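A short worksheet on the structure shown next.
Shown next, in the form of structure tokens:
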């Protein structure tokens, strides 16, 4: 009985050490670039590689495929410089355009929101920016407030 247990343990150890006869790839072999020929042979039978050669930089047109644009990630969020520039052009901000939303900028935002019938919360959300961005272009600047 002891011999049988010893033989079984030796057999299991031998199989686990030798493996199933499958060669394990080295790290260098796994990191080798794949050529187009190798890639073509790896594809399934229903997928065929294009037969025409395409130069780098040439746009590829896929016929029969429908591409859809992704929806926008959300409303546009203006930068502090854009906010300050638009407020200055609208004659609500007199400070330096430094890209920092400080007390002067917040006060100017509130004044602008009140003057335009918006919720005066000192935040430039989509509704406030929709009105304020008209003043980003200097041509829309009012002469006097």
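Residue numbers (my numbering): 190 to 334.
Glycine included, every Cβ here is placed at the ideal spot set by N, Cα and C.
Values in this document were obtained by computation on a predicted structure and should not be read as measured data.
If I follow the unbroken alpha helix (DSSP H) through residue i, where does it start and stop?
i	result
residue 220	Residue 220 -> no alpha helix (DSSP H), and no H or E assigned at all.
residue 277	269 to 278
residue 297	292 to 304
residue 315	315 to 321
Residue i by DSSP, collapsed to three states: which one?
i	result
residue 327	helix
Is it right to say residue i is buried, meaning 16 or more other beta carbons lie within 10 angstroms of its own, or is it exposed?
i	result
residue 313	buried
residue 216	exposed
residue 272	buried
residue 274	buried
residue 294	buried
residue 303	exposed
residue 277	buried
From residue i to residue j, what distance separates their C-alpha atoms?
i	j	result
residue 281	residue 318	14 Å
residue 192	residue 226	54 Å
residue 307	residue 284	23 Å
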